[in-house]
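Numbering (the numbering used here), first residue to last: 21 to 477.
Cβ coordinates follow ideal geometry from the N, Cα and C atoms, glycine included.
Please read these numbers as outputs of a predicted model, since none were measured by experiment.
Inspection log for the structure reproduced underneath, given as structure tokens.
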Amino acid sequence: MPDTFSTSLSKSYTTDILVIGSGSAGSVAAIAAASGKYKVTLVERYGFPGGTSTQMLDTFYGFFTPSETPRKIVGGIPDHVVNALNHDGNIFLRPNTYGAGTGVNYNPEKLKQVWDNLLSESGVQTFYHTTLVAVEKADESARAIFFHKGAGFFSITAKRVIDASGDADYCHWAGFEYEKAGEEEPAQSMTTTFRMCNVDLEAFKAAGGKKMLKEKMAEAVDSGRHPLPRKEGSAHEMNQPKCVSTVAVKVTDHDALDVERITAAEKEGRHQAFIFEDFFRVEVPGYQNAKIIGLSHQIGVRETRRVYGEYRLTKEDFMNARHFEDQIFLCGAPIEDHRKSPNGGLETFWQYVPGSGVYGVPYGTIVPKGSKSTWVAGRCFSATHDAHASCRSMAQTMSMGQAAGFAAVQSLENDIGASELDARKLRERLVQEGAVLDIPDVVADITRNGWSNNKTS
Ligand SMILES: Cc1cc2nc3c(=O)[nH]c(=O)nc-3n(C[C@H](O)[C@H](O)[C@H](O)COP(=O)(O)OP(=O)(O)OC[C@H]3O[C@@H](n4cnc5c(N)ncnc54)[C@H](O)[C@@H]3O)c2cc1C
């Protein structure tokens with residue numbers, strides 16, 4: 021750690037469990053960790069919780085398997101999040117047998133408040149506008165250095181740490197090993213999402229809906245009328261009336277961990293978004309009077325660092341729909357890889373889980389190799405590029421957070437290191453909370469606005 025940090029530390033805090041990043045993984049990790057008798061501190065670089073879930077998206081995927089007979093394969097604290105949204109009418113289900121399966125569409129602005137409330141009710145101490153910038157000691161007891169533009173540098177000493185920063189910033193500073201996306205296989209592209217308001221959805225549907233949109237995009241690209249980056253992209257109805265959320269922009273060949281490249285990517289993402297706005301207004305029935313009302317808070321980054329854990333999830337596990345004795349959650353999401361095709365085009369490659377359509381994810385994927393006091397949760401977990409391209413939906417990142425939070429509690433209770441933890445005890449705790457660890461026999465009842473908590477106790 022540079023001397024300048026130690027000499028200018030304005031304050032020091034201590035905590036039992038420190039969670040870095042309040043995305044879907046980190047927020048759930050903190051809530052789970054606070055279920056014990058320990059002090060939990062959550063630190064987030066932006067002024068609101070949720071990470072990707074509130075910065076740019078509005079649909080949880082991964083709760084249901086994508087098939088004619090969908091199964092609900094995630095439960096526990098992720099259910100509480102959806103229940104809280106549902107309470108005020110802020111979700112609807114988008115039944116879908118293909119793609120990533122049925123999605124839980126939510127109001128992302130309301131979700132910020134839901135995360136705030138769940139964190140406060142759980143007693144989590146939260147620091148917003150605070151960025152992790154260095155780690156002094158990584159194991160036994162960690163001393164992490166943070167920066168807040170008003171307070172300057174300050175430290176938090178913790179007995180246990182959950183790195184849910186997405187970029188594995190803590191693991192990077194602490195010296196854990198990881199693979200950087202793009203080093204071995206092409207990194208997934210980045211996307212600035214945007215929302216359009218005042219869309220006449222009836223006129224859009226009457227003119228052919230999504231099928232028509234796809235044809236219009238292809239025509240626009242082929243004719244050269246609009247320089248769209250690709251011929252496909254999702255535009256779907258939001259919780260807010262007459263509003264549509266769009267995941268269409270594709271920015272490739274940039275490194276999200278390099279300050280110059282991410283700056284260029286942000287500019288390129290905004291540039292593409294307004295090309296799309298022009299295309300929608302000119303070419304797509306129902307959009308003539310629509311306008312962009314918001315761009316994502318930052319460009320969406322699908323992968324950066326993936327830590328090497330006690331276990332590394334692979335494409336083989338996916339292809340064999342493998343299950344593990346120590347699995348801590350399930351995944352049925354397809355590989356959805358946003359990358360360049362061999363001819364240079366920007367396409368999305370899909371591949372579905374064969375057989376049962378569901379695989380299990382073992383405990384070792386959230387434990388950095390040899391770790392005593394650190395876990396990872398969310399998109400920086402231990403997986404290869406392909407396996408990660410399946411196991412990154414938010415129902416799964418929330419499930420990782422849930423397991424990491426309970427694991428940190430059990431590790432303190434039993435005074436045992438992360439890699440020595442008894443996964444059977446962790447699984448018992450997860451089941452008690454309502455987590456789904458085995459494929460359910462029953463087909464999920466997917467009805468618009470229907471939701472139920474599958475808590476078992
Ligand atoms: C464009 C795009 C579209 C997607 N579409 C869907 C979809 O429709 N449905 C779905 O289920 N999944 C989707 N995904 C995947 C899914 O959203 C992500 O995999 C998931 O949200 C990652 O969650 P996370 O908590 O691991 O990371 P993040 O959501 O990235 O959270 C990390 C948090 O850590 C904070 N942070 C980072 N560094 C620091 C630091 N040094 N100090 C303090 N705080 C820090 C960040 O600000 C952030 O809040 C999409 C992803 C992208 C990028």
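Return the CA-CA distance between residue i and residue j, expressed in angstroms with no decimal places.
{"i": "Gly170", "j": "Thr272", "result": "35 angstroms"}
{"i": "Ile51", "j": "Thr283", "result": "33 angstroms"}
{"i": "Gly501", "j": "Leu441", "result": "A query on residue 501 cannot be resolved here, the shown segment of the chain reaching from 21 to 477 and no further."}
{"i": "Pro354", "j": "Val60", "result": "34 angstroms"}
{"i": "Lys31", "j": "Val102", "result": "37 angstroms"}
{"i": "Glu303", "j": "Met232", "result": "10 angstroms"}
{"i": "Asn259", "j": "Lys130", "result": "10 angstroms"}
{"i": "Val327", "j": "Ile348", "result": "18 angstroms"}
{"i": "Thr385", "j": "Gly329", "result": "5 angstroms"}
{"i": "Lys335", "j": "His343", "result": "13 angstroms"}
{"i": "Arg444", "j": "Phe174", "result": "38 angstroms"}
{"i": "Asp346", "j": "Glu197", "result": "23 angstroms"}
{"i": "Glu367", "j": "Pro249", "result": "10 angstroms"}
{"i": "Ser28", "j": "Ile165", "result": "11 angstroms"}
{"i": "Asn473", "j": "Gly454", "result": "For Asn473, the pLDDT reaches just 47, beneath the cut-off of 50, and the residue's location in the model is therefore unreliable, leaving the point undetermined."}
{"i": "Leu450", "j": "Val94", "result": "11 angstroms"}
{"i": "His149", "j": "Leu432", "result": "28 angstroms"}
{"i": "Glu205", "j": "Ala226", "result": "42 angstroms"}
{"i": "Ser439", "j": "Gly390", "result": "6 angstroms"}
{"i": "Gln452", "j": "Gly96", "result": "8 angstroms"}
Given residue i, which residues of its chain have a CB within under 7 angstroms of its CB, disregarding the five upstream and five downstream residues?
{"i": "Glu323", "result": "Ala201, Ala207, Gln208, Arg399, His408"}
{"i": "Pro115", "result": "Thr122, Ile466"}
{"i": "Ser265", "result": "Asp78, Thr213, Arg215, His256, Met258"}
{"i": "Thr74", "result": "Phe68, Pro128, Leu131, Lys132"}
{"i": "Asp435", "result": "none"}
{"i": "Ser413", "result": "Tyr81, Gly82, Ala120, Ala353"}
Determine the extent of the alpha helix (DSSP H) in which residue i is found, giving its start and end residues.
{"i": "Glu303", "result": "279-303"}
{"i": "Ile51", "result": "44-53"}
{"i": "Gly425", "result": "414-433"}
{"i": "Glu453", "result": "443-453"}
{"i": "Leu20", "result": "Outside the displayed range of the chain (21 to 477) lies residue 20, so it cannot be described from this structure."}
{"i": "Tyr526", "result": "With the chain running from 21 to 477 in the structure shown, residue 526 is simply not present."}
Looking at C-alpha atoms only, which residue of the options is the closest neighbour of residue i?
{"i": "Gln308", "options": "Gly314, Glu297, Val429, Trp135", "result": "Glu297"}
{"i": "Val48", "options": "Leu29, Gln133, Phe68, Leu138", "result": "Leu138"}
{"i": "Lys179", "options": "Gly437, Arg447, Leu457", "result": "Gly437"}
{"i": "Ile319", "options": "Cys217, Arg412, Thr213, Lys57", "result": "Thr213"}
{"i": "Tyr379", "options": "Pro305, Val304, Asp458, Ala428", "result": "Asp458"}
{"i": "Met210", "options": "Gln371, Pro305, Ser28, Ala268", "result": "Ala268"}
{"i": "Val19", "options": "Thr74, Val373, Leu350", "result": "There is simply no residue 19 to check, as the chain begins at 21 and stops at 477 in what is shown."}
{"i": "Leu315", "options": "Gly306, His291, Arg325", "result": "His291"}
{"i": "Met76", "options": "Gly96, Val94, Lys132", "result": "Lys132"}
{"i": "Trp370", "options": "His107, Ser410, His343", "result": "Ser410"}
{"i": "Pro460", "options": "Thr72, Ser42, Glu222, Phe84", "result": "Phe84"}
{"i": "Leu152", "options": "Val144, Gly172, Lys230, Ser140", "result": "Gly172"}
{"i": "Leu517", "options": "Asp187, Met237, Gly289, Gln145", "result": "Examination of residue 517 is not possible in this model, given that the chain is present from 21 through 477 alone."}
{"i": "Ser161", "options": "Pro388, Tyr383, Tyr66, Thr35", "result": "Thr35"}
{"i": "Gly377", "options": "Asp337, Glu286, Tyr383, His405", "result": "Asp337"}
Identify, in the order they occur along the chain, each residue of the same chain with its Cβ nearer than 8 angstroms to the Cβ of residue i, setting aside the five sequence neighbours on each side.
{"i": "Thr117", "result": "Pro86, Ser87, Glu88, Pro90"}
{"i": "Gly70", "result": "Ser42, Gly43, Ser44, Ser47, Pro128, Leu131, Lys132, Trp135"}
{"i": "Phe147", "result": "Thr61, Leu62, Val63, Glu64, Phe166, His168"}
Starting from the C-beta of residue i, find all residues in its chain whose C-beta is less than 6 angstroms away, skip the five residues before and the five after it, and write them out in chain order.
{"i": "Tyr33", "result": "Ile176"}
{"i": "Ala45", "result": "Ala184, Ala397, Gly398, Thr417, Met420, Gly421"}
{"i": "Ser254", "result": "Val267"}
{"i": "Asn127", "result": "Asn110, Asn259"}
{"i": "Phe300", "result": "Tyr307"}
{"i": "Arg281", "result": "His274, Asp275"}
{"i": "Ser500", "result": "For residue 500 there is no data in the structure shown, the boundaries of the chain being 21 and 477."}
{"i": "Ala104", "result": "Val134"}
Grab the span of the beta strand (DSSP E) containing residue i for me, first residue to last.
{"i": "Met210", "result": "Counting along the chain, Met210 falls outside any beta strand (DSSP E), and DSSP gives it neither H nor E."}
{"i": "Asn106", "result": "Where Asn106 is concerned, there is no enclosing beta strand (DSSP E), although the alpha helix (DSSP H) it sits in stretches over 97-107."}
{"i": "His168", "result": "162-168"}
{"i": "Thr236", "result": "Thr is not the amino acid found at residue 236; the sequence shown has Lys there. Looking at the DSSP string, Lys236 is not in any beta strand (DSSP E); the run it does join, the alpha helix (DSSP H), is 229-243."}
{"i": "Leu221", "result": "It is not in any beta strand (DSSP E) - Leu221 instead sits in the alpha helix (DSSP H) that spans 221-226."}
{"i": "Tyr379", "result": "379-382"}
Is it buried or exposed, residue i, if we count other Cβ atoms within 10 angstroms and call 16 or more buried?
{"i": "Lys92", "result": "buried"}
{"i": "Ile40", "result": "buried"}
{"i": "His274", "result": "buried"}
{"i": "Arg245", "result": "exposed"}
{"i": "Asn340", "result": "exposed"}
{"i": "Lys270", "result": "buried"}
{"i": "Val124", "result": "buried"}
{"i": "Asp242", "result": "exposed"}
{"i": "Tyr229", "result": "Residue identity check: residue 229 is Gly in the sequence provided, not Tyr. So Gly229 ends up on the exposed side."}
{"i": "Ser477", "result": "Low confidence applies here, because Ser477 scores a pLDDT of 30, under 50, leaving its location unreliable; read the following figure in that light. So Ser477 counts as exposed."}
{"i": "Glu199", "result": "buried"}
Can you determine whether any heavy atom of ligand 2 sits closer than 6 angstroms to the C-beta of residue i, and answer yes or no?
{"i": "Phe80", "result": "As for ligand 2, it is missing from this structure, which binds only ligand 1."}
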